[in-house]
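With the working numbering, letter number 249 in the sequence shown gets 243, and the count goes up by one each step, no holes. For every residue, glycine included, the Cβ atom is placed at its ideal position computed from N, Cα and C. Being a predicted model, the structure only gives us computed values, none of them experimental. See below for the structure under consideration.
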Amino acid sequence: MGALAVADFEPLPPDRGLEFVDGTAEGVLPAALGAAFGRGVLGRFRAWSFDGRPPYAVRVRLRDARWRPGEGAEEGFFRAGRRAAVEASRCVHHGVAPRVRVLDGPGPTAAPRPAVPARAVRGVHVRRMPAGACGGWALGTADFEPLPDDSGLAFAFVCELDEAALPSELAEGFERGVADVLYGADRLPSFGFLVRLREAAWHEVDSGPPGFEAAGRRAAAEALRCLAEGGEPRPSVWPARPAAGRRGRSG
C-alpha cells in the first residue's frame, strides 16, 4: 500500500498514439515516482500493441497521488500504472465506471463504504491443475484481512513474493480474479479486504495470467464462503506435479 494514484484517461486523435502527463501539484510527488507510473501504464498499453500500433490513442494524466518514503516506492508506482491501464481497458470494453479503491482521497470521496468483514480469513489455499495445463497451472495461499478503519481504502492487494518467486503478471492476474469476485458488477467491493498473497508456485510453461486469475476468483469465493458459514478455509493438498520448471516460494 505504498503507492496510491488517481489518473484520467483522455482520448486523442488516432495519429497521436500514447502520451503521459504528470499532473500532480508541485511538491506532491517526486518526479521519479510519477515517471515510474508513466512507464507502467504506457508499458502495459504498448504490450497490447498489434503490428506496432497500441490499442488506444490516449493521454494518461496522473492527477493525484499518495506515497510513503522507503524502499519499493518506485516499484509500487510502476505497478500502480500497470493496474490503472488494465482498469481503464476494462471500463472501455464493458462501458462501466472505474471500481472504487480509495475512499478518502486522493480524488473524489465515495459516500458509500464496503461492509467490514467480521473477521480475517487466513490460509486460503487454491490450486489449479487443468488437464493439459495450457497456462492454467497455479498454486497460491492468501490471507483476507479486514482493512483498518483509518486506511481510507475500499480494497487492497499485496503480493509478498518478489519477481523471482512470482512474476508480476501472474500476481496481477491473481489480484484481478480476487477483485472480480469481491466487486462483482458493483463499483464497491462486498467487503473491505486487504488481501495478502503470501505463498505461490508456478510453472515456466504451464502457468499464465488466466490461470492465476481463475485461482484468485476461487480464493475470494472461498473467503466469502468462510464468512457466510463461519468456518475455516477448506484444506488443499499441494500436488507434486508438474515438477519440471515449477517455481515458487513461501512468504
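First through last residue of the beta strand (DSSP E) which encompasses S56: The identity of residue 56 in the sequence shown is Leu, whereas the question assumes Ser. Note, L56: beta strand (DSSP E), V52 to W61.
Element boundaries [alpha helix (DSSP H), containing C71]: The question names Cys, but residue 71 in the sequence shown is Phe. Its alpha helix (DSSP H) spans residues A67 to H88.
Which of helix, strand or coil DSSP assigns to S201: Here S201 sits in strand by DSSP.
Nonlocal neighbours in the same chain, by C-beta distance under 8 Å from R73, ignoring five residues either side: Cβ within range, chain order: A(-3), G34, S162 and E166.
Under 8 Å between C-beta atoms of V246 and D58: There is no way to answer for residue 246, as the model of the chain reaches only from -5 to 245.
Stretch pair the segment 184 to 197 + the segment 139 to 151: three plus CB contacts closer than 8 Å: yes
Inter-residue spacing [alpha-carbon to alpha-carbon] between P102 and R60: Legend: pLDDT at P102 = 49, less than 50; position of this residue unreliable, no value from coordinates given.
Proximity to G32 [Cα-Cα], best of F44, R62, G17 and A213: Put simply, of F44, R62, G17 and A213 the residue whose alpha carbon is nearest the alpha carbon of G32 is G17.
V120 at chain B interface by Cβ criterion, 8 Å: This model lacks chain B altogether; it includes just one protein chain.
Three-state secondary structure (DSSP) of A159: coil
Test item: CB-CB of G130 and P48 under 8 Å: no
Rounded separation between P7 and P229 - CA only: 53 Å
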